[in-house]
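Read the structure below first, then the notes.
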Amino acid sequence: MSALLVGPELGESLRFLADVPLDAKGKPPKLNKTQVLLFGTTVPNKPGELLLVASDTMFTWSPELENRVRAILTELVSPDAPPRITGLREALHVPGNLVSEGETQFFFATDNGKPVSISVLRRPGMAPHWGVSFSEIVDQSATPPKPETLAWYRLACTLPSAIPDRAQISTTAADRRIATEDYAMVLASLGPCLRNRTVTH
-10 MSALLVGPEL GESLRFLADV PLDAKGKPPK LNKTQVLLFG TTVPNKPGEL LLVASDTMFT
50 WSPELENRVR AILTELVSPD APPRITGLRE ALHVPGNLVS EGETQFFFAT DNGKPVSISV
110 LRRPGMAPHW GVSFSEIVDQ SATPPKPETL AWYRLACTLP SAIPDRAQIS TTAADRRIAT
170 EDYAMVLASL GPCLRNRTVT H
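Counting in the working numbering, the final residue of the sequence shown is number 190, and the numbers go up one at a time with none missing.
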């Protein structure tokens, strides 16, 4: 084993069973000198043995893949890691003093009760600008998360596809319409959550 990214100490050597596809000749590939990055868990009462978390969680290693995984794992184990979003609690648009000016705020429920909010600012003659906050403070200078970060994943992969009727708390139909437009803009800006494998929670 060359390196452990996250987890308990495992020692210098490991054993694990991998379900690998056969090559065109129907033979298993030769993996003796292949460097891989894998996701696994320890086997109770069997030191030095590892169980892959799924049959497709062994990947050919590359510096780019390792850096990408390290960055996400670093976020995931951080005390202030973005929480998983479980629903949209409130959507509110407040118009400004000028025509086409206003702010829309979205407040989300999370699995651990930590706050997540999105603000969309509208200014005359400018495209709407949005940002996300993972604290109690609704920061107007907040920005969208960078793609393929944990924060991006939490939004792109867990936001509801539309605002629930019960969450629309704007006082007028016009303000509710703007909130709906701003929410659709946020989803479009995030882009689709493309999964390469089936995930079960």
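All C-beta atoms in this analysis are idealised placements derived from N, C-alpha and C, irrespective of residue type, glycine included.
- Taking 4 residues as the minimum length, the alpha helix (DSSP H) runs contained wholly in the region 104 to 185 are 139 to 145, 162 to 179, in order along the chain.
- The beta carbons of residue 134 and residue 121 sit closer together than 8 Å.
- With contacts defined as CB atoms closer than 8 Å, residue 148 and residue 74 qualify as a contacting pair.
- Here the C-alpha atom of residue 160 lies approximately 26 Å from the C-alpha atom of residue 130.
- In this chain, the beta strand (DSSP E) harbouring residue 99 covers 91 to 99.
- A distance below 7 Å between beta-carbons, with the five flanking residues on each side excluded, links residue 100 to the following residues of its chain, in chain order: 72, 73, 75.
- By alpha-carbon distance to residue 78, the top candidate from 16, 154, 177, 113 is 154.
- The alpha-carbon of residue 35 is positioned some 14 Å away from that of residue 29.
- Across the set 91, 102, 152, the C-alpha of 102 shows the shortest separation from the C-alpha of residue 125.
- Excluding five sequence positions before and after residue 150, the CB atoms of its chain that fall closer than 8 Å to its own CB belong to 176, given in chain order.
- Contact between the region 37 to 47 and the region 3 to 15 is present: three or more C-beta pairs spanning the two stretches fall below 8 Å.
- Judged by DSSP in its simplified three-state form, residue 42 adopts coil rather than helix or strand.
- Following the DSSP letters along the chain, one finds residue 80 in no alpha helix (DSSP H) but inside the beta strand (DSSP E) bounded by residues 74 to 84.
- Across the structure, residue 108 and residue 93 are spaced so that their CA atoms are roughly 6 Å apart.
- Taking a contact as a CB-CB distance under 8 Å, the pair residue 59 and residue -6 counts as one, their CB atoms being some 6 Å apart.
- Here the C-alpha atom of residue 117 lies approximately 53 Å from the C-alpha atom of residue 38.
- Between the alpha carbons of residue 16 and residue 41 lies a gap of roughly 22 Å.
- The C-alpha of residue 145 is placed about 10 Å away from the C-alpha of residue 139.
- Residue 110 places its beta carbon 8 Å or farther from that of residue 141.
- With contacts defined by Cβ atoms closer than 8 Å, residue 81 and residue 173 do not form a contacting pair.
- Just so you know, the alpha carbons of residue 31 and residue 43 end up roughly 13 Å apart.
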